[in-house]
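Below is one structure, written out as structure tokens, with a few remarks after it.
Numbering (the working numbering), first residue to last: 1 to 729.
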């Protein structure tokens, strides 16, 4: 009887019960926030919805320890903070019908709520017109405390700490993965090349430089160049497709695809549909088939596409992370895009042009005499010439350029051929950097001609073929050229390079947008104050104010000229809001803006055209030069600058009148925040010197004759002489 009762209980269906709300929310959070990159994507999309012009991301331990996203958008209202992180609270829509015409990237109101269930979330925000911002923490969808007033910059900063702290299985799985940070970098890179009006940066917590750093630009190809590199941008072709037939499909597509010169092991496809970053497996597969069928031995392509459709033709609500969307007439759209890409590839393949590369003649120390040439003929190819021991040069094995010149016997070229080659190279470089020609002004042409005619051929060879070793001190870099070691003044070199680049890019600059317009008058007063022997004195304040007012009015009158030719934007109220990009991936030290503005107001002769352009170009060269940062270098003796002295009491007994002074001692305290700021500035400068300055010098720089005698280049060692010394020892 008991056995029958047990069998009856076992065969009964399990009882259905309602899950606890906290369990439901945590399950939903696990679907929305699958990895750290999911959280970054949601936060960046919120920042874009807030009309931000600058978005900065900081990541620690792949995003598990910290994700910090800061923007300069319109912020969050104080009244909305209590429900900010509740599920299904959003400012993007109010009814289901709104989804038919949704244009924002967020709409579910689940992202922030999900993060609070799997991490510790802190929000700091300020809206326009407020005197201070608010800081508040959230847990499980609710505020942990009342918002606290705090100092804040424009926009919102959200910190996600200890992600998946309460989901041990997922956290352990992610801790063993080394590619989470690379996924975040890839995500920000994709956003940066599409949203060109927004500046993006992404770096590891404590790192000296950003792994993604883009500035707002009007050119899509410039954005791709700054994020993915020159070699990728050089291999891209523009594609466009359009269809306005309601019976088949309605869409517009524009983008860039790689040509046959692009080589990669895996496909890179960046797809935006109605400004939403998504995946489309069917389109990706269709384009891979086109490349495989069209290009011989085709490598995996690089593809950027932006597709715009009517909002009612896109269903955005088909994936928890919004990674995928569903399109009306998707097959027709894919077929038409596939056809356009195939046609573009075939036409480019038929008209492919291979650039001829000439070999620069070696320096005098490398030229083999006719006697030696007869004794060891390289042309026969039977035996390679043995290099003397004292002329063997150790080179960097990671140098991608290689050392192919030792296999070639270059004949001296005539004067006419040399000039023709230089002209061709210069034209090629200009076309690659900017499709437009340099402004056709005789004064600019004269200044450029002066640079070319005043070029020192010996130092040009050093600049073209040197190897960067490192910084010897704050000003001098160590360079190796052949068997010689040189000290090169980085400040002088960068100043002259910037001057030459200003003239060559004249009237065709990209622009750096300042986050906040800077009043010219205040900048000039600040520069004048810095030039005073006694900055604390107020005697010259009235005079400084008058000088600043006069210079501000002058620059406002010349605003059209400096904007048209130098991309320096000064608005009608006398505020500086834009500066030119002189070298890609390099931003000048903004602490030197006051000095630059004062130079524009005081030193420029606006009446004579040539002298005017020359002085402005020189002022830009000095401003953009890679000067040592204002903060002293914290390495070595410079650390003393960051030490504060404070009195501390000895631990020996009580003090008496006679022993009080003996029982007090001085102790050093380091200002760690200032040290960290200085270390970042110095590390960023050294990175720019190695990866921006010297590569640009190899391409563009024409060292003037004066640099041979003014100490810009100093030879400090020669392998041949050292070899003789060591032979005697």
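The beta-carbon is built from N, C-alpha and C at its ideal position, and this holds for glycine as well. Note that the structure is predicted; figures quoted are calculated from it, not measured.
If you ignore the 5 residues before and after residue 70, its C-beta comes within less than 6 Å of the C-beta of 56 and 157, all in its own chain and listed in chain order. Per DSSP, the unbroken alpha helix (DSSP H) holding residue 446 starts and ends at 442-453.
For residue 249, DSSP records a beta bridge to 245. Three or more beta-carbon pairs drawn from the region 192-206 and the region 56-65 are found closer than 8 Å, and the two stretches are therefore classed as touching.
Using a Cβ distance threshold of 9 Å, residue 201 and residue 235 do not count as a contacting pair. Residue 210 carries a coil assignment under DSSP once its states are collapsed to helix, strand and coil. Rounded to whole angstroms, the gap between the alpha carbons of residue 123 and residue 585 is 31 Å. In the structure shown, the three-state DSSP call for residue 465 is helix. 520 is the residue among 700, 520 and 162 whose C-alpha sits nearest the C-alpha of residue 599. Counting every other CB atom within 10 Å of its CB across the protein chains shown gives residue 282 a total below 16, marking it as exposed. For the pair of segments examined, the region 586-593 was found to touch the region 619-626: the number of CB pairs separated by less than 8 Å reaches three. Your pair residue 287 and residue 338 checks out as a contact, with CB atoms roughly 7 Å apart and the cut at 8 Å. The continuous stretches of beta strand (DSSP E) do not include residue 232, which lies in the alpha helix (DSSP H) extending over residues 230-234.
Exclusion of the five residues before and after residue 270 leaves 190 and 304 as the residues of its chain whose Cβ lies within less than 6 Å of its Cβ. Around the beta carbon of residue 76, 16 or more other beta carbons sit within 10 angstroms, so the residue counts as buried. Between residue 209 and residue 126, the alpha-carbon positions lie close to 27 Å from each other. In the structure shown, residue 72 falls within a coil segment according to DSSP collapsed to helix, strand and coil.
Along the length of the region 146-193, whole alpha helix (DSSP H) runs at least 4 residues long occupy 168-175, reported in chain order. Residue range 36-49 is occupied by the alpha helix (DSSP H) that includes residue 46. In the three-state scheme derived from DSSP, where H, G and I count as helix and E and B as strand, residue 82 is classed as helix. Each residue's CA atom was taken as its position, placing residue 451 and residue 33 some 57 Å apart.
Apart from sequence neighbours up to five positions away, the residues of its chain that approach residue 688 with a beta-carbon distance below 7 Å are 586 and 626, ordered along the chain. Relative to residue 279, the option among 293, 289, 306 and 143 whose CA is nearest is 306. Here residue 711 is exposed. Its C-beta has fewer than 16 other C-beta atoms within 10 Å. Per DSSP, the beta-bridge partners of residue 58 are 68 and 203.
Per DSSP, the unbroken alpha helix (DSSP H) holding residue 672 starts and ends at 672-688. Per DSSP, the unbroken beta strand (DSSP E) holding residue 123 starts and ends at 120-126.
In this structure, residue 224 and residue 193 form a Cβ contact; the two beta carbons are roughly 5 Å apart against a cut-off of 8 Å.
Three or more Cβ pairs closer than 8 Å define a contact, and the region 464-473 falls short of that threshold against the region 544-559. Bounds of any beta strand (DSSP E) do not take in residue 551; it lies within the alpha helix (DSSP H) bounded by 541-557. Contact between the region 473-483 and the region 550-568 is absent: fewer than 3 CB-CB pairs across the two stretches fall below 8 Å.
Taking a 10 Å sphere around the C-beta of residue 247, we find fewer than 16 other C-beta atoms and assign the residue as exposed.
Residue 489 has its alpha-carbon roughly 9 Å from the corresponding atom of residue 474. For residue 67 against residue 163, the beta-carbon gap comes to about 7 Å, under 8 Å, which counts as contact. Judged by pairs of C-beta atoms under 8 Å, the region 108-120 touches the region 38-50, as three or more such pairs exist. Between the region 699-714 and the region 508-516 there are fewer than three inter-stretch CB-CB distances shorter than 8 Å, so the stretches are not counted as touching.
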